[in-house]
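Novice: Each step along the first sequence adds one to the number in the working numbering, with nothing skipped, and position 525 is 651.
Backbone N, C-alpha and C define an ideal beta-carbon position, used for all residues, glycine too.
Predicted, not measured: the structure shown is a model, and the values here were computed from it.
Before anything else, here's the structure in question.
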Amino acid sequence: MSDRYNVKETEARWQKAWEDSKCFEVTERADKPKYYTLAMFPYPSGKLHVGHMRNYTMSDIVARYKRARGYNVLNPMGWDAFGLPAENAAMENKTHPAKWTYANIAAMKQDLKLMGLAIDWSREIATCAPDYYKHEQKYFLDFLKAGLAYQKESFVNWDPIENTVLANEQVVDGRGWRSGALVERRKLKQWFLKITAFADDLLDGISQLGGWPEKVRLMQENWIGKSQGLKFTFEFTKPKGQRLEIYTTRPDTLFGASFVAISPDHPVAQKLSKNDMGVESFIEKCRKIGTSEAVIETAEKIGHDTGLTVNHPFIAGKTLRVFIANFVLMDYGTGAIFGCPAHDQRDLDFARKYGLDVIPVVIPPDKDGREFAIDMEAYTGPGRLYNSDFLNAMTIDEAKAEVIKRFEAAKTGQGTTLYRLRDWGVSRQRYWGCPIPIIHCQACGAVPVPEDQLPVTLPEDVTFDKPGNPVYNHPTWKQVKCPTCGKDAERETDTFDTFFESSWYQFRYCDPHNAKEGFAKDKVKHWAPVDQYIGGVEHAVMHLLYARFFTRALKKCGYLDFDEPFTALFTQGMVVHETYKGEDGKWLSPADIEKGHNGAYVKKGDNTPVTVGRIEKMSKSRKNVIGLEEVSVNFGIDAARLLILSDSPPERDVEWTEGGIEGAWKYVNRLWRLVTLADFNGKGGDTDAMKRKIHGTIDMMTQDLEKFHFNKGIARLRELSNALEDFSAAKGDGAVLREGCEALVRLMAPVMPHLAEELWAHLGHKEMVVNSSWPEADKDWIGSDTVTIAIQVNGKLRATIQLPKDLAASDAEKAALAETAVQKAMEGKAAKKVIVVPNRIINVVV
RNA sequence: GCCCCUGUGGUGAAAUGGUAGACGCGCUCGACUCAAAAUCGAGUACCGUAAGGUGUGUUGGUUCGAGUCCGACCAGGGGCACCA
């Protein structure tokens, strides 16, 4: 027998056996509990790389493990197939987005098949197929009827040279990525979904998501951003009677107000710009910046004095100047604020820049008024009010309540709950997306496409020789008759945000071939919600929040009877790799380079030097991708799975290195030799120790898998195989050795499924390991009778002793004080105190 | 700018507030070999001959005891509503 494992032949053979037996295809059944595990579906960007692989491997482990535990496991796969890259590819390569997308799907599916995943392929979906998106067109019409969808004007990034809308990603340093033109903010009428109607519900729901990482729950909570504050109006000094509505979360600091600022998009600013060139050019300057909050917030804070002033509501005769400021967002609150520089850093920076007053009104608990001053750092901590008339000596909370009370009593203001969350704009001025099923009629307005005319499909005869949505210029597609009045009308040419498709796909998998509706209620009732969702942390807020909203919206329309789509969530880290650049500054792929004479990398072919760059997320643009095929050919999928799972904790990034995959491959062979060369006729060895190791490993690895500690579980597996190797070499008892090998194989099955099948068959089993159950740990063989106790003197380790498990504290203390190393460290002094932590540690304090 | 996360040997990482470095990679030495690869065995945080001391990004605190909890800071990463 060869001492090398024939990985290529073996992996292909078992993949075929799984496929032939259709063991991963599932239907609803009453005799087994269901388990739905889902990996976030991929965008078909081109080739599958080991970064994708990590995501699907984790779902695969869960699927195989839960299967072994007796669950009826649903583990589906599909394609998030609409999106911008397809249109970019269409422009660059003179192809059609559909052609490019479907070719990528075919290539990536082939790679996925190489992975031998426990996927029910009969449920495969692609979101760009009309039989998928027609259902979401129906949902949109339902949302419209339910008052959850509406139109309003909102800003987009406008490229004035290409005359097209740009995505934030396509704006680089404030300029269009292709044209180089300075981007402008421009208003367009667009469709919105009323996610804010569920703001409180989405917030409350977070507390029930116990299976989600704390950090994701926190991020969602902050994103929704519920705040209690005050809405009130300032009176303009002139024209008399005109008022400006403000929202603030710090009404307590009103006596420290030194200016008022409004958004460049505020109606007051707009009105002023008509007669004031200065205002007009300032607003124009503010708009020469994209719509992205990150850009707006990091831009230099600038303001423009409007010359208007308002009266302070509580200080007679005091007026505040009104500025237009680029950092005030029209989307939040009322688009107008008052600035209290002493207690808000942004206001302070602004005040220092424009020479405005800084009036401290909250004093820290440990200071008094004479010594407390604000320089360049605002004070945002707790304290008591001063310089504040009737609020003096109150706490911040008391002062907030008092100010709100006074405004409410005077009927000039209102305590208000506000959310940072904004309604979801779903209109995209793009071709490669789901058409919004609306017809615009001069007479009737926005009219829903009649349901019997769904789906509204994309026209196929389009070209991408100029920027923008080609449907807009299509000769006939737009022109229709109004369904209501029959007159000439036009189709909506915008398509949905691609988050629309990914908000409900988890339900489509439950009933993927249903032509009548998106899913049958009873099928979703059976499988949903998803028991374990797995994907990148980059989706922590938007995708996951949209899907949570969509589920509630579907419930409101009668499609479902639950709120939360994902019971548990795991956010896995990325696969990262070194990046390389050639002499010409262009990215090079790892396949393009090799080690030169002096050990440094050179470009293959011409031996020109290569610069090694940062270690970054694998991405097509940086070329630092390792394709799946090359890995599977050289080392097999099991070795790749092993590396990806064992090298880092799953929530952290893992670096793909050549050395790592070779090491994993060696271990695959070592396991193969251990089991195939084992002699089950031995009579010797320490059978008790071996049995403890076997059952201890089963126990611990089971716990590790339950907790997603795959790296630790694999470390336990290695400990067991090390022990079995020693036991085997010592001609250990054959029955125990077999018991150990069988446990090892069943434990490795979720991690290295192909090798496990091969070894399981070698051990004489007729049934595949994929259909066998998870091993049970025998409680009698878990743990041991003695424990090692550490002894510290004043917190420093001085000795370790073996003691019987659960020994009385007084006996343990006696044994510890009797140790010579302990006595030496005590230097003859008496113990002041002895802390005994049973079975762990004893600390002697002298 | 705002929200969230991460930081431990040469390196990937372990460690319910209780023996820091499990399990690997690499390296060193040895066995096998004509030789190499593969495989097997021993060693491997740092300083020190040793006794011992020092060590978890920096810094301060809480505690009998801190990688772990709290405060301040530094560095890196993710997200910020039209990338997916």
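(1) Which residues bound the alpha helix (DSSP H) around L881?
(2) Kindly indicate which residue of I231, Y265 and L267 has the alpha-carbon position closest to the one of I251.
(3) Short of 6 Å in beta carbon distance, which residues of its chain neighbour T823, apart from the five on each side in sequence? Order them along the chain.
(4) For V738, count neighbouring Cβ atoms within 10 angstroms of its own Cβ and tell me buried if that reaches 16, exposed if not.
(5) In angstroms with no decimal places, state the Cα-to-Cα distance between D237 and K838.
(6) Taking the alpha helix (DSSP H) that E616 falls in, what are its first and last residues?
(7) Considering only C-alpha positions, which residue in the set P638, H175 and P339 is nearest to W247?
(8) Roughly how many angstroms lie between the CA atoms of E902 and V702, to the nearest whole one?
(9) State yes or no: is the C-beta of D378 within less than 9 Å of the C-beta of L517?
(10) With distances taken from CA atoms, which of V970, E742 and G954 is nearest A941?
(11) Could you compute how far the alpha carbon of V972 sits from the alpha carbon of I917?
(12) Just the Cα atoms here: how many angstroms apart are T359 and S185?
(13) From F622 to R554, what distance separates their C-alpha atoms?
(14) Quick check on F836: does DSSP put it in helix, strand or coil?
(15) Taking Cβ positions, are I489 and R510 nearer each other than 9 Å?
(16) Within the continuous alpha helix (DSSP H) that includes P393, where are the two ends?
(17) What whole-angstrom Cβ distance do V291 and V757 have, given they're in contact under 8 Å?
(18) Using DSSP with H/G/I as helix, E/B as strand and the rest coil, what is Y131?
(19) Can you say whether I763 is buried or exposed, counting buried as having 16 or more other CB atoms within 10 angstroms of its CB?
(20) Report the CB separation of K352 from E371 in whole angstroms; it is logged as a contact under 8 Å.
(21) Report the rounded CA-to-CA distance for M127 versus E690, giving the unit in angstroms.
(22) What does the alpha-carbon distance come out to for the pair A207 and L174?
(23) E73: which of A535, V801 and Y706 sits nearest, CA to CA?
(24) In whole angstroms, what separates the C-alpha of M874 from that of L797?
(25) Judging by CA-CA distance, which residue of D257, A935, S899 and K950 is the nearest neighbour of K192?
(26) Are V484 and E361 close, meaning C-beta to C-beta below 9 Å?
(27) Can you tell me where the alpha helix (DSSP H) with L271 in it begins and where it stops?
(28) For the beta strand (DSSP E) holding Y659, just list the boundary residues, first then last.
(29) What's the gap between the Cα of F806 and the Cα of F692?
(30) Rounding to the nearest angstrom, what Cα-Cα distance links H228 and A641 in this structure?
(31) Assuming G699 and S772 are in contact, meaning their beta carbons sit under 8 Å apart, how far apart are those beta carbons, in whole angstroms?
(32) Tell me whether Y512 sits in a helix, a strand or coil according to DSSP, three-state version.
(33) What are the partner residues of D431, as DSSP defines its beta bridges?
(34) Measure from the alpha carbon of Y197 to the alpha carbon of each residue in Y685, S854, K400 and R155, then state which is nearest.
Specialist: Reading from the atomic positions:
(1) Residue 881 sits at position 755 when you count from the first residue of the first sequence. For L881, the uninterrupted alpha helix (DSSP H) run begins and ends at P879 to H888, by DSSP.
(2) Reading the first sequence from its first residue, position 125 is the one you call residue 251. Measuring from the Cα of I251, the nearest candidate turns out to be I231.
(3) Indexing the first sequence from 1 puts residue 823 at position 697. Spatial neighbours of T823 in its own chain (CB-CB distance under 6 Å, excluding positions within 5 residues in sequence) are listed in chain order as R842 and L846.
(4) Position 612 of the first sequence holds residue 738. Answer is exposed; the Cβ neighbour count stays below 16.
(5) Position 111 of the first sequence, counting from 1, holds the residue named residue 237. Position 712 of the first sequence, counting from 1, holds the residue named residue 838. D237 and K838: Cα-Cα distance of roughly 28 Å.
(6) On the first sequence, residue 616 is found 490 positions in, with the first residue counted as 1. First-last for E616: D614 to R617, but that is the beta strand (DSSP E), not the alpha helix (DSSP H).
(7) Your numbering for residue 247 matches position 121 in the first sequence. Of P638, H175 and P339, the residue nearest in Cα terms is P638.
(8) Sequence index remark: in the first sequence, residue 902 carries index 776 (1-based). Sequence index remark: in the first sequence, residue 702 carries index 576 (1-based). Their backbone Cα atoms lie some 37 Å apart in a straight line.
(9) If you number the first sequence from 1, residue 378 lands on position 252. If you number the first sequence from 1, residue 517 lands on position 391. Cβ distance < 9 Å, so D378 and L517 count as in contact.
(10) Position 815 of the first sequence holds residue 941. Checking every option, the nearest Cα to that of A941 belongs to V970.
(11) For this step, residue 972 is matched to residue 846 along the first sequence. For this step, residue 917 is matched to residue 791 along the first sequence. Approximately 13 Å between the Cα atoms of the pair.
(12) If you number the first sequence from 1, residue 359 lands on position 233. If you number the first sequence from 1, residue 185 lands on position 59. Distance between the alpha carbons of T359 and S185: 54 Å.
(13) Here residue 622 corresponds to residue number 496 of the first sequence, with the count starting at 1. Here residue 554 corresponds to residue number 428 of the first sequence, with the count starting at 1. Each residue's Cα considered, the two are about 6 Å apart.
(14) To locate residue 836, count along the first sequence from 1; it is residue 710. Helix.
(15) Locating residue 489 in the first sequence gives position 363, counting from the first residue. Locating residue 510 in the first sequence gives position 384, counting from the first residue. Yes, Cβ-Cβ distance for I489 and R510 is below 9 Å.
(16) By one-based count along the first sequence, residue 393 stands at place 267. Segment P393 to N401, the alpha helix (DSSP H) holding P393.
(17) Counting from 1 along the first sequence, the entry for residue 291 is found at position 165. Counting from 1 along the first sequence, the entry for residue 757 is found at position 631. Contact between V291 and V757 does not hold, since their C-beta atoms are separated by about 40 Å, which reaches or exceeds 8 Å.
(18) Residue numbering aside, residue 131 sits at position 5 when the first sequence is read from its first letter. DSSP places Y131 in coil when its eight states are reduced to three.
(19) For this step, residue 763 is matched to residue 637 along the first sequence. Classification of I763: buried, given that the 10 Å Cβ count is 16 or more.
(20) In the first sequence, counting from the first residue as 1, residue 352 sits at position 226. In the first sequence, counting from the first residue as 1, residue 371 sits at position 245. Taking 8 Å as the upper bound for CB-CB distance, K352 and E371 are not in contact here, some 20 Å apart.
(21) Indexing the first sequence from 1 puts residue 127 at position 1. Indexing the first sequence from 1 puts residue 690 at position 564. Here the model assigns M127 a pLDDT of 44, short of 50, so the residue's position is not dependable, and the following value carries that caveat. So the two alpha carbons sit approximately 54 Å from each other.
(22) Working through the first sequence from its first residue, we reach residue 207 at position 81. Working through the first sequence from its first residue, we reach residue 174 at position 48. Rounded to the nearest whole angstrom, the CA to CA distance from A207 to L174 is 14 Å.
(23) Here the chain covers residues 127 to 972 and nothing more, so residue 73 does not appear.
(24) Walking along the first sequence from the start, residue 874 turns up at place 748. Walking along the first sequence from the start, residue 797 turns up at place 671. Their backbone Cα atoms lie some 10 Å apart in a straight line.
(25) Against the first sequence, residue 192 aligns to sequence position 66. For the residues D257, A935, S899 and K950, the minimum Cα distance to K192 belongs to S899.
(26) Locating residue 484 in the first sequence gives position 358, counting from the first residue. Locating residue 361 in the first sequence gives position 235, counting from the first residue. No, the pair does not count as a contact, with Cβ atoms beyond the cut-off.
(27) Here residue 271 refers to the residue found at position 145 when the first sequence is read from its first residue. The sequence shown places Lys at residue 271, not Leu. Residues P256 to K271.
(28) As a working mapping, residue 659 is identified with position 533 in the first sequence. It spans Q658 to G662 - the beta strand (DSSP E) in which Y659 sits, taken as one unbroken run.
(29) The residue you call residue 806 lines up with position 680 of the first sequence. The residue you call residue 692 lines up with position 566 of the first sequence. Near 47 Å, if we compare the C-alpha coordinates of F692 and F806.
(30) Here the question's residue 228 lines up with position 102 in the first sequence. Here the question's residue 641 lines up with position 515 in the first sequence. At residue 228 the sequence reads Tyr, which differs from the His that was named. So the two alpha carbons sit approximately 21 Å from each other.
(31) The residue given as residue 699 occupies position 573 in the first sequence. The residue given as residue 772 occupies position 646 in the first sequence. At roughly 14 Å, the Cβ-Cβ gap does not stay under 8 Å, so G699 and S772 are not in contact.
(32) As a first step, residue 512 is located in the first sequence; it is residue number 386 there, counting from the start. Reduced to three states, the DSSP call for Y512 is coil.
(33) On the first sequence, position 305 is the one that residue 431 refers to. The partner list for D431 (beta bridge, DSSP) reads F449.
(34) Along the first sequence, one-based indexing puts residue 197 at 71. Residue R155 is the option with its Cα nearest to Y197.
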